[in-house]
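*Asks:* What follows is a single structure, and I will ask about it in a moment.
Number of protein chains: 2
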Amino acid sequence: MPGQKASEAERQIQILKAAYDVASRKGLDALTVRSVAQRAKLSTGLVLFHFTTKAQLITALLDYVLETTTVLHVTGDITDIPVALDRLLALLRREMNRLASEPRRIRLFFDFWAKGFTHGRIRSKMQAELDRYREAFRPIAHDVLQAEPERFAGVTPEGLSAVAVSFIKGCAVQSMIDPQGFDIEEYLAATNGLLGQLAVGATT
Amino acid sequence: MPGQKASEAERQIQILKAAYDVASRKGLDALTVRSVAQRAKLSTGLVLFHFTTKAQLITALLDYVLETTTVLHVTGDITDIPVALDRLLALLRREMNRLASEPRRIRLFFDFWAKGFTHGRIRSKMQAELDRYREAFRPIAHDVLQAEPERFAGVTPEGLSAVAVSFIKGCAVQSMIDPQGFDIEEYLAATNGLLGQLAVGATT
DNA sequence: TGCAGCATTGAACGTTTGGTCAATGTGAAG
DNA sequence: CTTCACATTGACCAAACGTTCAATGCTGCA
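Residue numbers (the working numbering), protein chains in the order written: chain A, 39 to 242; chain B, 39 to 242.
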């Protein structure tokens, strides 16, 4: 039964959510115009009526994922931590917890990341997103270095935030493929032992 | 013109190399029985005659990639470095250089990694490979901790090697998507600043 | 030389894909 | 109520896919 109209924006969101559902569960390879239509309980034609082409649907889905996933929110409870290095470690902990708490979301993120190898449009979006993410670490990295300049001589805020981001993404690589064997506390204990102890001694 | 026989092993290798060629250039999505056959200059039928099914060809390609790519060789020139922490840093440097020198190989590695999200057989192989890789870091991590036990109190060899591997894989995440903007020296300077300076002071 | 066994070929098949389109129903305007 | 713009449907298409298979040539052995 054709008909049953809905506003443009509503339908777009409905379809996007269905696409997200399919892709986050079964992977981007399983993202089919038909599979999306089925999950949204719409016809295949309607999906393409609103997004014109599958490529545009994928691009829209990527935007949706980037908007809701990777943004680094430095919330108040972290800003309030007095010692800069503790702030950084708290941020690392929270980001690592996200890996465990929303694995499907982040798997989809990396699914797009891998697709970026061969698809220029996707690559540039992922590249920009990784840059944004690293940039969000910079203020805290800056504070850490300023708190103990003599200790971290030669380390730039850019370098430190790059290392922090690499560390998190590397944890993701391990955690996505082996969620069970991924032990956050072990990672944090090692990181803390490598960086934290001296700092605690220096600032107290 | 049918005929033109070759030994079983020869053909398998020829086909595998063609498969590697296609997958490392265009990605796993472009790995088609036909594309492999075309690059190997064989018929489509012959590819499946030797590998029975596309899934088996992919599995064989994964084995081939894992055998030739991720193995961590701790060569003599690194073993000879006297200070343990310098050994670790040298190893990190060499692994990071690999990211830049064989990007296609490593991109294919991560292409498989992403496919592992949804394919159990691939996932378990990748998981085992990541475990092997981390294990290869353990001896050096052990040396580092033993050289300055009071400095790294509470850090286990397992924890340190896990952090080292995460760092490398995280660099890969950045480097694969943005080879140009990836600055090895900046990463190493930051890492060295975070870890190395104190150690150098302590051991000289 | 002739035969048997197997590697090799390419056409063919069934399925799934992204995309098109005439037909149909819906909701608002007149 | 009629009309009209348009959201919606599902059948349909061509292309590409993995896979099958009868036919065809090699090659080593008798």
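Cβ coordinates follow ideal geometry from the N, Cα and C atoms, glycine included.
Only a predicted model underlies this, so the values are computations on that prediction, with no experimental measurement involved.
Within the same chain, show all residues whose beta-carbon is closer than 8 Å to that of residue 58 of chain B, passing over the 5 residues directly before and after it, in chain order.
*Replies:* Counting only Cβ-Cβ distances below 8 Å, and skipping sequence neighbours, we find 99, 102, 103 and 146.
*Asks:* DSSP three-state label for residue 70 of chain B, please.
*Replies:* The answer is coil: DSSP assigns residue 70 of chain B none of H, G, I, E or B.
*Asks:* So the candidates are A:94, A:206, A:62 and A:199; which of them puts its Cα closest to the Cα of residue 201 of chain B?
*Replies:* Measuring from the Cα of residue 201 of chain B, the nearest candidate turns out to be A:206.
*Asks:* Using a C-beta cutoff of 9 Å, does residue 184 of chain A count as contacting chain B?
*Replies:* Answer no: the Cβ-Cβ gap between residue 184 of chain A and chain B never drops below 9 Å.
*Asks:* Helix, strand or coil for residue 119 of chain A? Go by DSSP, reduced to three states.
*Replies:* Here residue 119 of chain A sits in coil by DSSP.
*Asks:* Do you know offhand how far residue 127 of chain A's Cα is from residue 188 of chain B's?
*Replies:* So the alpha carbons of these two residues sit roughly 21 Å apart.
*Asks:* Spell out whether any CB of chain B is found under 9 Å from the CB atom of residue 131 of chain A.
*Replies:* Answer no: the Cβ-Cβ gap between residue 131 of chain A and chain B never drops below 9 Å.
*Asks:* In chain order, what are the residue ranges of uninterrupted alpha helix (DSSP H) at least 4 long that sit wholly in the region 67–107 of chain B?
*Replies:* Counting whole runs of 4 or more residues, the region 67–107 of chain B contains the alpha helix (DSSP H) stretches 71–78, 82–89 and 92–106.
*Asks:* What residues in the region 155–170 of chain A bring their beta carbon closer than 7 Å to a beta carbon of chain B?
*Replies:* Flagged, chain order: 155, 156, 161, 164, 165 and 168.
*Asks:* For residue 192 of chain A, return the contacting residues in chain B, with the cut-off set at a CB-CB distance below 9 Å.
*Replies:* Within chain B, the residues near residue 192 of chain A are 227, 228, 230, 231 and 235.
*Asks:* Could you work out which residues of chain A lie near residue 207 of chain B, taking near to mean beta carbons separated by less than 9 Å?
*Replies:* By Cβ distance, chain A contributes 204, 207, 208, 209, 210, 211 and 212.
*Asks:* How is residue 229 of chain A classed by DSSP in three states: helix, strand or coil?
*Replies:* The answer is helix: DSSP assigns residue 229 of chain A an H, G or I state.
*Asks:* Under the three-state reduction of DSSP, which class applies to residue 190 of chain A: helix, strand or coil?
*Replies:* Reduced to three states, the DSSP call for residue 190 of chain A is coil.
*Asks:* For residue 125 of chain B and residue 77 of chain A, I'd like the C-alpha separation in whole angstroms.
*Replies:* Roughly 54 Å between the two C-alpha positions.
*Asks:* Counting Cβ pairs, one atom from each stretch, are 3 or more of them under 8 Å apart for the region 83–93 of chain A and the region 139–156 of chain A?
*Replies:* Touching, no, given that fewer than three Cβ pairs across the two stretches are closer than 8 Å.
*Asks:* The alpha helix (DSSP H) with residue 219 of chain A in it runs from where to where?
*Replies:* First-last for residue 219 of chain A: undefined, no H or E at that position.
*Asks:* Report all residues from its chain with a CB closer than 6 Å to the CB of residue 28 of chain B; omit the five preceding and five following residues, and keep chain order.
*Replies:* In the structure displayed, chain B extends from 39 to 242; residue 28 of chain B sits before or after that span and is not available.
*Asks:* Which chain A residues are close to residue 34 of chain B, counting only those with a beta carbon under 7 Å from its beta carbon?
*Replies:* Here chain B has residues from 39 to 242 only, and residue 34 of chain B is not among them.
*Asks:* Relative to the C-alpha of residue 191 of chain A, which residue among B:51, B:142, B:136 and B:230 is closest?
*Replies:* Nearest of B:51, B:142, B:136 and B:230 to residue 191 of chain A, Cα basis: B:230.
*Asks:* Which class does residue 111 of chain A belong to by DSSP, given the choice of helix, strand or coil?
*Replies:* It is coil, neither helix nor strand.
*Asks:* Taking Cβ-Cβ distances shorter than 8 Å, what residues in chain A pair up with residue 224 of chain B?
*Replies:* Those within 8 Å of residue 224 of chain B in chain A are 194, 196, 197 and 200.
*Asks:* Does the distance from the C-beta atom of residue 95 of chain B to that of residue 71 of chain B stay below 9 Å?
*Replies:* Yes, Cβ-Cβ distance for residue 95 of chain B and residue 71 of chain B is below 9 Å.
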